[in-house]
Amino acid sequence: MSLVQNFPFFSIILSMFCAIVSFALSGKWAKRAHLAMTAAVLALSAGVLGFTAATGDSYTYMMGHYSAPWGNEIRIGPLESAMAVCFSLLMLLSVLGGLAHIDRDIAPSKQNLFFIQLDLMLSALLALIYTNDLFTAYVFIEICTIAACGLIMARRTGRVYVSATRYMIMSLVGSGLFLIGLSLLYAVTGQLLMSPAERALAGLVSDSRFTLPLTVIIILLVVSLGVKSGLYPFHTWIPDAYGYATPAASAVLSGLVSKGYILLLIKLMVRVLPNDNQAALNMMDVLFVLGVVGMLLGSVDAIRENDVRRMTAFSSVAQIGYIYMGLGLGTDAGVTAALFHVISHGAMKALLFLCIPGLTEVSGGRADREALRGAGYRHRLAGLGFTVGALSMIGMPLLTGFVSKYLFAAAATSAVPGKMIAAWVALAVSTTLNAVYFMRMVLVLYTSVDASHRRAEDYHASPVENAGIAGLIALNVALGVASPPVIETLARGLAVFG
Amino acid sequence: MGSSILTNFEEIASVLLFVIGMIDLLVQPNLVKKIIGLDIMDSAVYLFLAAKGYIAGRAAPIVTDGILDAAHYINPIPAGLVLTGIVVSVSVSAVMMALTICLYREYHTLNLDEIMMLLRRREADETLRLSGRNGEGTPS
Amino acid sequence: MSREDPRYAGSRWDKLARWRRGEYDPTAGRLELREPDFAPRDELQKLRKYAAQTERDDRYELGLDTRLRGFRRVYLAAAGLLAVFLAALLLVTVSWLPQFGDYTAPEHNEVARRYIEQGLEETGAVNIVAGMILDYRAFDTFGESCVLFIAVCCVLMLLRVDKEEDPHSMAAEDMSDRYFEPHREVILQMAARVLVPVSLVLGIYVVLNGHISPGGGFSGGAIIGTGLVLYLTAFGFERTGRFMNETTVKLLTVSALTFYCFAKSYSFYTGANHLSSFITPGVPGAILSGGLIVYLNICVGVVVACTMYCFYVMFRKGGF
Chain A
1 MSLVQNFPFF SIILSMFCAI VSFALSGKWA KRAHLAMTAA VLALSAGVLG FTAATGDSYT
61 YMMGHYSAPW GNEIRIGPLE SAMAVCFSLL MLLSVLGGLA HIDRDIAPSK QNLFFIQLDL
121 MLSALLALIY TNDLFTAYVF IEICTIAACG LIMARRTGRV YVSATRYMIM SLVGSGLFLI
181 GLSLLYAVTG QLLMSPAERA LAGLVSDSRF TLPLTVIIIL LVVSLGVKSG LYPFHTWIPD
241 AYGYATPAAS AVLSGLVSKG YILLLIKLMV RVLPNDNQAA LNMMDVLFVL GVVGMLLGSV
301 DAIRENDVRR MTAFSSVAQI GYIYMGLGLG TDAGVTAALF HVISHGAMKA LLFLCIPGLT
361 EVSGGRADRE ALRGAGYRHR LAGLGFTVGA LSMIGMPLLT GFVSKYLFAA AATSAVPGKM
421 IAAWVALAVS TTLNAVYFMR MVLVLYTSVD ASHRRAEDYH ASPVENAGIA GLIALNVALG
481 VASPPVIETL ARGLAVFG
Chain B
499 MGSSILTNFE EIASVLLFVI GMIDLLVQPN LVKKIIGLDI MDSAVYLFLA AKGYIAGRAA
559 PIVTDGILDA AHYINPIPAG LVLTGIVVSV SVSAVMMALT ICLYREYHTL NLDEIMMLLR
619 RREADETLRL SGRNGEGTPS
Chain C
639 MSREDPRYAG SRWDKLARWR RGEYDPTAGR LELREPDFAP RDELQKLRKY AAQTERDDRY
699 ELGLDTRLRG FRRVYLAAAG LLAVFLAALL LVTVSWLPQF GDYTAPEHNE VARRYIEQGL
759 EETGAVNIVA GMILDYRAFD TFGESCVLFI AVCCVLMLLR VDKEEDPHSM AAEDMSDRYF
819 EPHREVILQM AARVLVPVSL VLGIYVVLNG HISPGGGFSG GAIIGTGLVL YLTAFGFERT
879 GRFMNETTVK LLTVSALTFY CFAKSYSFYT GANHLSSFIT PGVPGAILSG GLIVYLNICV
939 GVVVACTMYC FYVMFRKGGF
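Protein chains in written order, with the numbering used here: chain A, 1 to 498; chain B, 499 to 638; chain C, 639 to 958.
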């Protein structure tokens, strides 16, 4: 085994170790440790991506001295390493883009705790990406949940306590359903690692034993991860949670956390659950319908919202709907499109959430449309960033959102006719709705105002934050212009994912 | 209904408790009762796992008298899962309780519905205050 | 003794009879609730105000809002439907599962068999569950310790009162703690003198013997934590703070988790790369056997004890 194959394990352990050490560090050093660690994880993941893209195959890595059905293991392929690269890059840029606000929003004595949450969040996301073990997945889901709660309530105002509580309640219902689904799965297969569990399940399907428990297990696992990632009818916590946290936390939460659960769901569907029986097919249809409904109703909610933070948060509901629609198509092309949208939505939403505080702060701290008039002149980079993010959301060519929409539309052609028509109509309507609220916002930002309102008094943007925003703008453009290699890596990774 | 409905009392009890706990977590407006519901829900899953690990007439999985025969002990895996799960649920409960304390200090009530109403009222006040402050300065 | 006896008045029987009639109170003047005498008058006023503040003062009348009541009714009905549906689904599922206690059930397979039959040889742990969670499936267990760690961080973030942040509420917390919590309770202190050493020794025993008997780091750590909490309740923050303060908790937690992290990384690395490891299972049944298991149990025990203590301290006062 070559050294580079150890890197996924190193990156998980490194982020955990960084969290542990940060407990004894001051806020300033915890921040430096976090940034250095994220950069190191990015470099390690890039190395793994280079290795796996060259071999084009996946390999398993034993966490200990015991092989598959006995010990824990992780599994690394092109798809996993590409996701690890994207997640660590987005984490790095999001934290950079919100660094000055972290200083302002969080008491100095508590900043090291905030960075511990971020460190453990990254380790949990990496573990969810790489793990090949169901129970490890459960443990890291819980780390992810608690870390997300910690990120939401880090501002310590009454508002975010309520958001964090509502987030926790929904998440805990999801965790409970996942745990009982996992226990039932263990009861019928006797395996906790994914590959042996898949073999056991295939045996059960071919003998048609435990047919009904299997159906229930599929429902429980899919619904639990749907609840945790904010699928449409379970989305009520999203606007609260994303709208009021500190900007870096909002960017990380909307860009990464729900995506970690979605990746796990994709992994379960592709690698573990039998995907040719009736129950799995029906579940796909349910996901498709919920995704489409989410795409439309999330956008409608966003249109009705006057607060730009909540509007952007509601748009996340719609975008999660896109991803589930892609999964629900039930084809490999659909899953690839969903995977690309996982990355591209992360880039777009992180950019939007990082630009919003810059815009509101030059508008007297208000986030409604009236106050934001002309804010694009007062804070030029934030205005530019918001515009790029919004155009990308709408699907402007040369930006990453366009590529996702194109991929979804192309994937729909290979689906059954009913789904194809529904997906196209939903895409068209949803794009129009996106355009309504995002273009309205962009127009508000660049409404001409008289000269005295074009300058913000005593506002000093932080250069580090500007660098983060600029990095995300570049990422949006890069993903839009140079998407073919990314898509190809994802498609090839998906082929060896199962 | 399958054939085991009359023998799997432990599992039946655990799934019923699970549903009770989950509905408690969702429906109760009182935060402390929500936490109790959460704990009932988690404990129900541990009961389920423990019941799944049990084999009639066998001993706990601790090697005694040097007997190393698998037919002598019950399944150790569910016990390990329960152990891990308990720690997770302790942590989650602690976080929820800390949040509850903070909410109580802020709003002087444990009822989540009341908290939401108070929150809305405060937010309306805040918007009024902010728009009053910049009212004359906003370009129209 | 007859009632006419002159010695009757004032005797025990007389007192008992009068107590039954409600004329005599044996505890009068001896066991009354008194205001704590440590606080001067004006401080007492402040305390009362603080206590009054923690009661609800601006409660919103929910009953007046008909819209909310309607929503609540719909929500309850939906939840009821969900409950019935989920319960039925799970009951039907359970009815198809293998029978309770059946040895042919699918989960009693080669995985469990290897843990039992070769566990002692491969991990050196007599307690098979300990061998499983700390050797075969150690990554899960490390994740689980991190769950505890992150929960502590969350609770600290929410509840710790810092001097530079808010000196005012720190004083208020201190005052309310002195007001509401027991203050040099004789019964409590007597019980603590007996129970604290017992629970500490028992906890240490459970931790150290985790690999050869029932128990382990988590249960032992919880027992130690309980002992510490009892000591704190009985003897107050000043005495406990001498050996359990923020520095100690930080130092213990960080060093235990760091050791855990490095030890397990070494074992994962050698395992995955098929290198030989210098860790050997040792003689089964000895106290220093089971390879890393005994050391990991100690680490976990330390982390859990610190966590329990930290939770209690944060919930009670928000500071050490």
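For every residue, glycine included, the Cβ atom is placed at its ideal position computed from N, Cα and C.
- Not flagged as an interface residue toward chain A: G854 (chain C), since no C-beta distance is shorter than 8 Å.
- In the assembly as shown, G660 (chain C) is an exposed residue. Its beta-carbon has fewer than 16 other beta-carbons within 10 Å.
- M828 (chain C) is classed as exposed because its beta carbon has fewer than 16 other beta carbons within 10 Å across all chains shown.
- Within the same chain, T60, E73, I74, R75, L193, M194, S195 come within 7 Å of N132 (chain A) by CB-CB distance, once the 5 residues on both sides are set aside.
- Residues of the same chain with a CB within less than 6 Å of the CB of S163 (chain A), apart from the 5 flanking positions on each side, are I152, D240, A241, Y244 in chain order.
- In this model, G97 (chain A) and V921 (chain C) are separated by some 55 Å (Cα to Cα).
- Distance from the CA of A53 (chain A) to the CA of S430 (chain A), rounded to the nearest whole angstrom, comes to 35 Å.
- Relative to A451 (chain A), the option among A:R378, A:A107, A:E305 whose CA is nearest is A:R378.
- The beta carbon of D285 (chain A) sits closer than 6 Å to none of the beta carbons in its chain outside the five residues before and after it.
- Taking a beta-carbon distance threshold of 8 Å, P744 (chain C) counts as an interface residue toward chain A.
- Closest option to L281 (chain A), judged by alpha-carbon separation, among A:T331, A:G298, A:F386, A:L90: A:T331.
- For R373 (chain A) and I303 (chain A), the gap between their C-alpha atoms comes out near 17 Å.
- Within the stretch 876-900 of chain C, contact with chain A at the beta-carbon level (separation under 7 Å) is assigned to K888, T891, V892, L895, T896, C899.
- Not a single unbroken stretch of the alpha helix (DSSP H) spanning 4 or more residues falls wholly within the stretch 541-598 of chain B.
- With a 10 Å radius around the Cβ and a threshold of 16 neighbouring Cβ atoms, Q278 (chain A) comes out exposed.
- Considering only beta carbons, the part of the stretch 784-797 of chain C lying closer than 8 Å to chain A consists of C784, V785, F787, I788, A789, C791, C792, L794, M795, L796, in chain order.
- Shown here for S591 (chain B): same chain residues with a beta carbon closer than 7 Å to its own, the five before and five after excluded, namely I533, L536, D537 in chain order.
- Of all residues in the stretch 179-199 of chain A, only L179, I180, L182, S183, L184, Y186, A187, G190, L192 place a beta-carbon less than 9 Å from a beta-carbon of chain B.
- If you draw a 10 Å sphere on the C-beta of H806 (chain C), you find fewer than 16 other C-beta atoms in it, and that means exposed.
- Apart from the 5 residues on each side of it in sequence, L794 (chain C) has no Cβ closer than 6 Å to any other Cβ in its chain.
- Secondary-structure assignment with DSSP links M62 (chain A) through a beta bridge to A:E73.
- Of all residues in the stretch 740-768 of chain C, only Y741, E745, H746, V749, A750, R751, Y753, I754, E755, L758, V764, N765, I766, V767 come within less than 7 Å of chain B when Cβ atoms are compared, listed by chain position.
- Remark: fewer than three beta-carbon pairs, one from each stretch, lie closer than 8 Å, so the stretch 902-916 of chain C and the stretch 755-762 of chain C are not flagged as touching.
- Taking C-beta atoms under 8 Å as the contact rule, T582 (chain B) and T945 (chain C) fail to qualify, at a distance of about 15 Å.
- Counting only the Cα atoms, Y161 (chain A) lies some 27 Å from V21 (chain A).
- Beta bridge pairing from DSSP links D307 (chain A) with A:D368.
- Here DSSP, grouped into helix, strand and coil, assigns L193 (chain A) to strand.
- Contact between the stretch 478-496 of chain A and the stretch 323-339 of chain A is present, with at least three C-beta pairs closer than 8 Å.
- Look at I861 (chain C): its C-beta is not under 8 Å from any C-beta on chain B.
- Two segments are said to touch when three or more pairs of C-beta atoms, one from each, lie closer than 8 Å; by this definition the stretch 345-354 of chain A touches the stretch 244-257 of chain A.
- Going by DSSP, W424 (chain A) is part of the alpha helix (DSSP H) stretching over 417-445.
- When the Cα atoms are used, L547 (chain B) and V732 (chain C) turn out to be separated by approximately 12 Å.
- Between A577 (chain B) and V767 (chain C), the C-beta gap is smaller than 8 Å, which places the two residues in contact.
- The Cβ-Cβ distance between P247 (chain A) and H101 (chain A) falls below 8 Å.
- By the rule that beta-carbons nearer than 8 Å mark a contact, M1 (chain A) touches chain C.
- For A511 (chain B), the closest alpha carbon among the candidates C:L728, C:P664, C:A715 is that of C:L728.
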